[in-house]
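*Asks:* My questions will all concern the structure given below.
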Amino acid sequence: MSEYVIVTDSSADLSAELVEQLELSILPLAFILKGKTYRDYPDRREMPIGAIYTSLREGEMVTTAAVNVAEYQAHLEPILAAGKDVLVLAFSSGLSTTCNSARIAAQELAEAYPERKILVVDTLCASLGQGLLVWYAARMRQSGKSIEEVRDWAEANKLHLCHWFTVDDLHFLKRGGRVSAATAVVGTMLQIKPVLHVDNEGHLINMAKARGRKAALKALVDHMEQTAIDPAGQTVFISHGDCLEDAQFVAQEVSQRFGIPLERIVLNEIGPVIGAHAGPGTVALFFLGKER
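Here the sequence shown stands for residues 1 to 292, where the numbers follow full-length UniProt numbering.
Structure, rendered in structure tokens:
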């Protein structure tokens with residue numbers, strides 16, 4: 001069986017420690033702040049994540065850029081030249097053109113490296129939802145599963161990867177066109193917090209409203225209770241937009257309600273790619289469920 005590398009992009013929001021443990025290759029997306037372009041590496045080498053959220057709170061615009069075909073080619077070619085196959089688990093095509101770039105790059109590189117396998121999965125996932133799917137795939141690779149077996153598992157299970165999240169400031173979703181200006185103003189005045197998820201096409205969908213922050217955080221866990229497959233046996237991921245205490249509150253709720261040890265609940269920050277659109281105070285819960 002040929003050796004292969006799992007490649008994903010930085011929108012998966014995996015920590016540098018997990019990236020190393022899972023032996024992943026990460027392609028950083030770009031973000032632009034105050035006219036300067038930065039790369040979003042898992043170790044945040046170009047800008048600390050706290051500085052990004054400070055800028056967002058101060059009203060600075062952070063814009064993001066998908067990975068283009070040339071960047072994907074430059075990232076994948078050294079792996080192929082070293083005689084290894086590649087499995088790309090890409091950011092949702094419903095939110096970014098990154099996956100399409102990966103597919104075009106794979107087609108072009110296949111002509112130069114006909115003996116190599118270059119497989120691309122549109123995860124239809126984002127943030128640590130994408131990260132959790134990659135986590136499962138990487139563990140399968142480390143246990144000896146072939147590239148096709150891992151690809152097939154990812155394709156079969158990606159629509160069971162549930163994403164539930166809430167935001168603290170509706171104005172960031174308004175800016176991205178996710179809610180109307182009127183909804184943002186009224187919702188902010190009345191302390192209405194949306195509860196959203198990522199649907200089967202990989203798009204962000206507003207599903208419900210909660211009155212107050214704690215109610216919105218508990219609603220995430222309620223959705224897990226309704227749809228999770230064997231919740232007590234799962235590893236659960238939680239991402240947050242510079243609001244660790246709220247993420248820890250959700251982790252405690254998950255642990256107490258389902259009997260999941262806290263060491264099997266992984267927390268990490270939402271990176272600038274997702275954070276620029278969801279804003280500070282976002283909390284997201286990811287798990288395997290019967291359906292999204």
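Built from N, CA and C at the ideal position, the CB exists for glycine as well.
Run through DSSP, which three-state label would residue 34 get?
*Replies:* Three-state DSSP puts residue 34 in coil, outside helix and strand.
*Asks:* At what residues does the alpha helix (DSSP H) containing residue 99 begin and finish?
*Replies:* Unbroken alpha helix (DSSP H) run through residue 99: 98-112.
*Asks:* In whole angstroms, what is the alpha-carbon distance linking residue 92 and residue 202?
*Replies:* For residue 92 and residue 202, the distance between alpha carbons rounds to 6 Å.
*Asks:* Are residue 237 and residue 286 close, meaning C-beta to C-beta below 7 Å?
*Replies:* Yes; because the gap between Cβ atoms is below 7 Å, this pair is in contact.
*Asks:* Any heavy atom of the ligand NAD closer than 6 Å to the beta-carbon of residue 88?
*Replies:* For the ligand NAD, the structure offers nothing, since it holds no ligand at all.
*Asks:* Please report how far the alpha carbon of residue 2 lies from the alpha carbon of residue 226, in whole angstroms.
*Replies:* Rounded to the nearest angstrom, the two C-alpha atoms are 41 Å apart.
*Asks:* With DSSP as the reference, label residue 269 as helix, strand or coil.
*Replies:* Three-state result, residue 269: strand.
*Asks:* Mark residue 130 as exposed unless 16 or more other C-beta atoms lie within 10 angstroms of its C-beta, in which case mark it buried.
*Replies:* It counts as buried.
*Asks:* Enumerated in chain order, which unbroken segments of the alpha helix (DSSP H) with a length of 4 residues or greater are wholly contained in the stretch 234-287?
*Replies:* Counting only runs of 4 or more, we get 244-258, 272-278.
*Asks:* Whose C-alpha, out of 169, 141, 113, is nearest the C-alpha of residue 212?
*Replies:* The shortest Cα separation from residue 212 among 169, 141, 113 belongs to 169.
*Asks:* Go ahead and label residue 37 buried or exposed: buried means 16 or more other beta carbons lie within 10 angstroms of its beta carbon, across all protein chains shown.
*Replies:* Its Cβ having fewer than 16 others within 10 Å, residue 37 is exposed.
*Asks:* Mind pulling the alpha helix (DSSP H) runs of 4 or more residues that sit fully within the stretch 123-182?
*Replies:* Segments of the alpha helix (DSSP H) lying fully in the stretch 123-182: 127-142, 147-157, 170-175.
*Asks:* Per DSSP, residue 4 forms a beta bridge with which residues?
*Replies:* Answer by DSSP bridge pairing, in chain order: 85.
*Asks:* Across the stretch 142-156 and the stretch 76-95, are there enough close Cβ pairs to call them in contact, namely three or more that are closer than 8 Å?
*Replies:* Cβ pair count under 8 Å is three or more, so yes.
*Asks:* Output needed for residue 62: all residues of its chain with C-beta closer than 8 Å, excluding positions within five of it in sequence on either side, in chain order.
*Replies:* Excluding sequence neighbours, residue 62 sits near 31, 32, 33, 52, 55, 56, 272, 275, 276.
*Asks:* Would residue 95 pass as a contact of residue 65 if the rule is Cβ separation under 7 Å?
*Replies:* No, these two residues do not count as a Cβ contact at 7 Å.
*Asks:* Straight-line CA distance for residue 184 to residue 135?
*Replies:* Low local confidence applies: a pLDDT of 46 at residue 184 is under 50, so the model's placement there is unreliable, with the coordinate-based value given in what follows. Rounded to whole angstroms, residue 184 to residue 135 spans 35 Å at the Cα level.
*Asks:* My understanding is that residue 9 touches residue 27, with C-beta atoms under 8 Å, so please give their C-beta distance in whole angstroms.
*Replies:* That belief holds up - the Cβ atoms of residue 9 and residue 27 are roughly 5 Å apart, short of 8 Å.
*Asks:* Could you check where the alpha helix (DSSP H) with residue 224 kicks off and where it finishes?
*Replies:* Segment 213-227, the alpha helix (DSSP H) holding residue 224.
*Asks:* Going by C-alpha distance, which of 164, 192, 118 is nearest residue 5?
*Replies:* Checked all of 164, 192, 118; the closest Cα to residue 5 is 118.
*Asks:* I need the straight-line Cα distance from residue 186 to residue 208, nearest angstrom please.
*Replies:* Legend: pLDDT at residue 186 = 47, less than 50; position of this residue unreliable, no value from coordinates given.
*Asks:* Count the other CB atoms within 10 Å of the CB of residue 182; is the residue buried (16 or more) or exposed (fewer)?
*Replies:* Bear in mind that a pLDDT of 47 at residue 182, under 50, signals an unreliable position, so the number given afterwards is only what the model happens to contain. The residue is exposed, with fewer than 16 neighbouring Cβ atoms inside 10 Å.
*Asks:* Pull up the distance between the alpha-carbon of residue 78 and that of residue 123, whole angstroms please.
*Replies:* If you take the alpha carbons of residue 78 and residue 123, they lie about 24 Å apart.
*Asks:* Look up residue 208 in the DSSP assignment and give the residues it is bridged to.
*Replies:* Paired residues: 195.
*Asks:* Could you give the distance in angstroms between the alpha-carbon of residue 116 and the alpha-carbon of residue 80?
*Replies:* Roughly 7 Å separates the two Cα atoms.
*Asks:* Taking residue 220 as the reference, give the member of 165, 243, 240 with the closest Cα.
*Replies:* Residue 165 is the option with its Cα nearest to residue 220.
*Asks:* Just reading off the beta strand (DSSP E) that residue 65 is part of, what are its end residues?
*Replies:* Where residue 65 is concerned, the enclosing beta strand (DSSP E) stretches over 62-65.
*Asks:* Which residue's Cα is closest to the Cα of residue 97: 260, 205, 11?
*Replies:* Measuring from the Cα of residue 97, the nearest candidate turns out to be 11.
*Asks:* Measure how close the beta-carbons of residue 268 and residue 161 come, nearest whole angstrom, since I'm counting them as under 8 Å.
*Replies:* Not quite, the Cβ-Cβ distance comes to about 16 Å (not below 8 Å), so this is no contact.
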